[in-house]
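*Asks:*
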Amino acid sequence: MSKASQILSVPLIVTEQYPKGLGHTVSEIDITHAKIVEAKSKFSMYTPMVQEKLQELSIKSVVLYGIESHVCVLQTCLDLLENNYEVHVLADGVSSMNYPEIEIALKRMDKCGAMVVSSESVLFQLTNDAANPNFKAISALVKEFQAHSKNSKLLFKNGIPPQAQL
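Be aware that the sequence shown starts at 103, since it is given in the working numbering, and climbs by one per residue.
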């Protein structure tokens, strides 16, 4: 999604939970184009700096992803909803060290008014049309994600791909 935000010129806002102890965003995720990268101790990323940037950019709809789904992502989602933002939570863009927490958090966010969606769905919604000049680049990202997801046990319940659960 970081790559997609750059391709589509969608502002990227990044917060890092206590990077001194937990580390910074992994280098595999390029955040060099982020509008802000803020260290925080508050679980929600809806900090004064983020609030200011959202207002400055006139953003009212947010695509939310990250870790931990049941702590930082959930609290951010609830804060954004409380402040009248439209929130799209990427079901395949959240995680937790405690796997059952993911589904519980997603259900709670959905019940509270967030839209729980997939990355692919959001990417094609943002692209809107195959005639969009960014369509080929976004389509390539989707194919790259599909290839990686076939090998990632983290994306499947109990580490088992759906076709193998039959």
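Beta carbons: idealized from backbone N, C-alpha and C, even for Gly. Keep in mind it's a predicted model, so treat the numbers as computed, not measured.
1) Cβ-heavy atom distance between Tyr-148 and the ligand SAH below 7 angstroms?
2) If we count the other Cβ atoms within 10 Å of its Cβ and call it buried at 16 or more, is Ile-115 buried or exposed?
3) Grab me the residues of Gly-168's own chain with a C-beta within less than 7 angstroms of its C-beta, minus the 5 sequence neighbours each way, in chain order.
4) What three-state label does DSSP hand Ile-204 in the structure shown?
5) Along the chain, where does the beta strand (DSSP E) containing Met-151 start, and where does it finish?
6) Which residue's Cα is closest to the Cα of Tyr-148: Ile-131, Glu-118, Ser-129 and Lys-122?
7) If you draw a straight line from the alpha carbon of Met-199 to that of Glu-170, how long is it in whole angstroms?
*Replies:* Looking at the coordinates:
1) Looking for the ligand SAH in the displayed structure turns up nothing, as the structure carries no ligands at all.
2) Here residue 115 refers to the residue found at position 13 when the sequence shown is read from its first residue. Ile-115 comes out buried.
3) By 1-based counting over the sequence shown, the position of residue 168 is 66. Around Gly-168: Cys-174, Val-175 and Val-196.
4) Here the question's residue 204 lines up with position 102 in the sequence shown. Correct three-state label for Ile-204: helix.
5) For the purposes of this step, residue 151 is taken as the residue at position 49 of the sequence shown. Here Met-151 belongs to no beta strand (DSSP E); instead the alpha helix (DSSP H) covers 150-158.
6) To locate residue 148, count along the sequence shown from 1; it is residue 46. A check of alpha carbon separations from Tyr-148 across Ile-131, Glu-118, Ser-129 and Lys-122 identifies Glu-118 as the nearest.
7) Translated into positions along the sequence shown, residue 199 becomes position 97. Translated into positions along the sequence shown, residue 170 becomes position 68. Rounded to whole angstroms, Met-199 to Glu-170 spans 7 angstroms at the Cα level.
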